[in-house]
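Trainee: Okay, handing you the structure first.
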Amino acid sequence: MPRPPAVSRQTLAVLEQLLQGSEEWSYGYDLSRNTGLRSGTLYPILIRLTERGWLEARWAEPERAGRPPRHLYRLTAEGRSAAVVVAEARRADESRARRPRLQVAPS
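Right, dumping it as structure tokens:
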């Protein structure tokens, strides 16, 4: 099985947030609030994930007149699969890192 692509902890936070509502559209602002990422970090991640084919994006018409349209994001089928693989790989890496290492006595 090929190793999943390396992603930053910030990208992983975005993917995990999107996995929670994987079928639903999310506003960037909501993703920012829920992940704690600022826009200068979040939006480049969303752009990269969209370019990679893991996210789809669309414009939402404003709910009130005079407000600008907003972008919505959700995982594609490929993105959902990749996000699960990446999240599981990260958890496995973290689990291995927490395991106590056996000390081998010198002979």
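Quick note on numbering: the numbering used here labels position 94 of the sequence shown as 628, and the sequence is numbered without any gaps.
For glycine and all other residues, C-beta sits at the position ideal for the given N, C-alpha and C.
Under a Cβ-count criterion, where at least 16 other Cβ atoms within 10 Å of its own Cβ denotes burial, should W593 be classed as buried or exposed?
Mentor: Here residue 593 refers to the residue found at position 59 of the sequence shown. That one is exposed.
Trainee: By DSSP's criteria, W593 is part of a beta bridge. Which residues make up the other side?
Mentor: As a first step, residue 593 is located in the sequence shown; it is residue number 59 there, counting from the start. Note: W593 sits in a beta bridge opposite H605.
Trainee: Return the Cβ separation of L576 and S566 in integer angstroms, given the expectation that the two are a contact with Cβ distance under 8 Å.
Mentor: In the sequence shown, the residue the question calls residue 576 occupies position 42. In the sequence shown, the residue the question calls residue 566 occupies position 32. With 8 Å as the limit, L576 and S566 qualify as a contact, their Cβ atoms being about 5 Å apart.
Trainee: Pick from R608, A547, E550: whose alpha carbon is nearest that of E558?
Mentor: Numbered from 1 along the sequence shown, position 24 holds the residue referred to as residue 558. Answer by Cα proximity: R608.
Trainee: How many Å lie between E622 and G600 at the Cα?
Mentor: Position 88 of the sequence shown holds residue 622. Position 66 of the sequence shown holds residue 600. Taking the straight line from one Cα to the other gives about 43 Å.
Trainee: Rounded to the nearest angstrom, how far is the Cβ of I579 from that of T545, given a contact under 8 Å?
Mentor: Taking the sequence shown and counting its residues from 1, one reaches residue 579 at position 45. Taking the sequence shown and counting its residues from 1, one reaches residue 545 at position 11. Contact holds; Cβ gap of about 5 Å.
Trainee: Can G613 and L589 be called in contact, C-beta distance under 8 Å?
Mentor: Taking the sequence shown and counting its residues from 1, one reaches residue 613 at position 79. Taking the sequence shown and counting its residues from 1, one reaches residue 589 at position 55. It is a contact, given that the beta carbons lie within the stated cut-off.
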